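No gaps in the numbering here: position 164 of the sequence shown is 164 in the UniProt record's numbering, and each next residue is one more.
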Amino acid sequence: MTAAEWQVYGRRQVYGSPWVELWLDDVDIPGTGRIEHHVLRMPRASTTAVVTDDDGRFLLIYRHRFITGRWGWEVPAGWADPGEDPADAIAREVEEETGWRPGAVELMTAYDAMAGISDAHFRVYHATDCTQIGEPEDISEAARVEWVPEAEVVKLLVGGEVSDGPSHAALSYYLGPHRLARGDG
1 MTAAEWQVYG RRQVYGSPWV ELWLDDVDIP GTGRIEHHVL RMPRASTTAV VTDDDGRFLL
61 IYRHRFITGR WGWEVPAGWA DPGEDPADAI AREVEEETGW RPGAVELMTA YDAMAGISDA
121 HFRVYHATDC TQIGEPEDIS EAARVEWVPE AEVVKLLVGG EVSDGPSHAA LSYYLGPHRL
181 ARGDG
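As structure tokens, this is what we get:
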């Protein structure tokens, strides 16, 4: 049995800002019929980075997220400005959020975070060869910036202290498929 594709007949924007847009799409779902389906669209490219050093440590930030009311560990992340290369954007974000400038930035993977409701597409990079250039530029980004040993990162993931989806996905991908594909695992 082959599934048929949904057909889109039109869309209208309900809300828009530089960060997020809410649309209602007029779609025909095979076997169901026509409905208005809500879609979150992200106007800018999302980037994250797993930042490691030669000692096998990971550069993480500890911050509070007001929407969920939780504190947790995250990897540096941000959005590319219009016309900005996503690899350049994540290098800029790492520097702004942590005070460390990456020497090398390599794409590891990309994924659609919520494909059933959103076009949020994340690119995950591996940043290495970092040089400390100062303190983080934006103090609202993190309460702490720390180099964390790999064993502790695994404990943070298992213990639920990395609850941010892009951070969880990036660290898990790096520790699993990325390393296995390179023969490191």
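C-beta: ideal position from N, C-alpha, C; glycine also.
As the structure is a prediction and not an experimental result, all values here were calculated from the model.
Of the residues the options, the one placed nearest residue i, counting alpha carbons only
| i | options | result |
| --- | --- | --- |
| T52 | A87, C130, A170 | C130 |
| P177 | G160, V124, V162 | V124 |
| W100 | T128, I29, L24, E161 | T128 |
| M114 | H38, V94, R65, D26 | H38 |
| S118 | A4, A3, L24, T47 | L24 |
| R57 | A151, P166, S167 | A151 |
| E106 | E146, V158, G31, T47 | T47 |
| D92 | E137, G16, R182, V158 | The sequence shown places Arg at residue 92, not Asp. Comparing Cα positions, the closest option is E137. |
Backbone CA spacing between residue i and residue j [nearest angstrom]
| i | j | result |
| --- | --- | --- |
| A77 | E135 | 17 Å |
| I35 | R41 | 18 Å |
| residue 191 | L59 | The chain is shown only over 1 to 185; residue 191 falls outside these bounds and no answer can be derived. |
| Y111 | A169 | 9 Å |
| W6 | H126 | 35 Å |
| I90 | G83 | 14 Å |
| A45 | D85 | 9 Å |
| R144 | T98 | 9 Å |
| E161 | W71 | 8 Å |
| V94 | R63 | 15 Å |
| G33 | A4 | 12 Å |
| residue 221 | P149 | This structure leaves residue 221 out entirely; the chain is present only between 1 and 185. |
Segment limits, beta strand (DSSP E) that includes residue i
| i | result |
| --- | --- |
| A110 | 104-112 |
| Y35 | First, the residue type needs correcting, since residue 35 is Ile and not Tyr in the sequence shown. Per DSSP, I35 belongs to the beta strand (DSSP E) from 33-41. |
| D25 | 21-29 |
Boundaries (first-last residue) of the alpha helix (DSSP H) holding residue i
| i | result |
| --- | --- |
| S167 | 165-173 |
| E152 | 150-158 |
| I90 | 86-98 |
| A4 | A4 -> no alpha helix (DSSP H), and no H or E assigned at all. |
Rounded Cβ spacing between residue i and residue j (contact assumed at less than 8 Å)
| i | j | result |
| --- | --- | --- |
| L156 | W73 | 5 Å |
| V75 | A49 | 6 Å |
Beta-ladder partner(s) of residue i, from DSSP
| i | result |
| --- | --- |
| S46 | W79, F122 |
Cβ-heavy atom distance, residue i to the ligand GTP, below 7 Å
| i | result |
| --- | --- |
| V154 | Looking for the ligand GTP in the displayed structure turns up nothing, as the structure carries no ligands at all. |
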